[in-house]
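This report concerns only the one structure given below.
In my numbering, the protein residues as written are 1106 to 1315.
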């Protein structure tokens, strides 16, 4: 045991830093992971509904994680499992947090939670409502919220395209614009004719003596 926390003191709501409904909905999401998400084996093998967690796999499967906890009235138990190399390298192209780290976490929790009663589901705080199988803020229970960001379409583009119906026909390409005609050379400037030369003077008709 590396660290064992003392029993928590009585809670003082005046010291709360996160709204109760935020904590409740976040825990609900983490519980869903252990119920039927990437860590569904946790509840399936341990047979407990009070487990919460999240798998994690870094790029190229260099690290495999599972961080989870059992929520009990006395504080519960938290455990985090990491698998990787001292010098970063891939664990294998098909490895993941759910495939490597989760089994270690389950094996540890199976021993650590022996004799620990299963905690009942937490009571929903004020300000949350049930919508289908999800918890949402009450002011958005009428459906006026963003239920997704299109990740399913990004992961399954073929199925998304099929659900969207036939694609619109592509517009015909515009004809290529022809180059403007070359400009004609400017006409040469006309040269004005030279003025005629003055007539030569006629010879004198008489001789003038001094």
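All residues carry an ideal CB built from backbone N, CA and C; glycine is no exception. The structure presented is a predicted model; accordingly, all values stated were derived computationally and were not measured.
Identify which residue in the options has its Cα closest to the Cα of residue i.
i, options, result
"residue 1187", "1137, 1251, 1193, 1168", "1168"
"residue 1107", "1231, 1183, 1174, 1157", "1183"
"residue 1129", "1176, 1143, 1211", "1176"
"residue 1205", "1143, 1135, 1125", "1143"
"residue 1243", "1123, 1231, 1158", "1231"
"residue 1155", "1116, 1171, 1136, 1164", "1136"
"residue 1226", "1116, 1153, 1172, 1122", "1153"
"residue 1174", "1229, 1164, 1111, 1217", "1217"
"residue 1208", "1181, 1234, 1185", "1185"
"residue 1201", "1170, 1178, 1141, 1118", "1170"
Within 10 angstroms of the Cβ of residue i, are there 16 or more other Cβ atoms? Answer buried if so, exposed if not.
i, result
"residue 1245", "exposed"
"residue 1162", "buried"
"residue 1160", "buried"
"residue 1238", "exposed"
"residue 1131", "exposed"
"residue 1157", "buried"
"residue 1127", "exposed"
"residue 1134", "exposed"
"residue 1058", "Missing from the structure shown is residue 1058; the chain here goes from 1106 to 1315 and no further."
"residue 1255", "exposed"
"residue 1110", "exposed"
Identify whether residue i lies in helix, strand or coil by the three-state DSSP scheme.
i, result
"residue 1249", "coil"
"residue 1321", "Residue 1321 is absent from the model: the chain starts at 1106 and stops at 1315."
"residue 1218", "coil"
"residue 1131", "helix"
"residue 1270", "Its pLDDT being 46, under 50, residue 1270 is placed unreliably by the model, and the measurement read from it follows with that caveat. In this structure, residue 1270 counts as coil in the three-state DSSP scheme."
"residue 1137", "helix"
"residue 1118", "helix"
"residue 1125", "helix"
Could you tell me which residues DSSP puts in a beta bridge with residue i?
i, result
"residue 1233", "1242"
Query - Contiguous beta strand (DSSP E) assignments of at least 3 residues, all confined to the segment 1143-1218 - result: Here the runs fully enclosed are 1156-1162, 1169-1175, 1182-1188.
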